[in-house]
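Under my numbering, the first residue of the sequence shown is numbered 1074, with each subsequent residue one higher. A virtual CB, placed ideally from N, CA and C, is assigned to each residue, including glycine.
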Amino acid sequence: MLLFGLGGFAQRPRLVSGTTPVGETLPAGVEILGQDGEVVTWQRQAGFSRDCGCR
């Protein structure tokens, strides 16, 4: 259990990005990365991932 608890510190935030047409509502909690005349490019944190796929 101690190793599992320490392994929690090795997790990294998982980022999800996307685009939304200008004028439409953006998803909650997004950070806007850029915008052109047609779309807004954004990213948001979506939980955590580990460096390896180990369980």
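The three-state secondary structure of Val1103, taken from DSSP, is coil.
When DSSP reads this structure, Thr1093 sits in a beta bridge with Val1113.
About 18 Å separates the beta carbon of Gln1108 from that of Val1089, a gap too long to meet the 8 Å contact definition.
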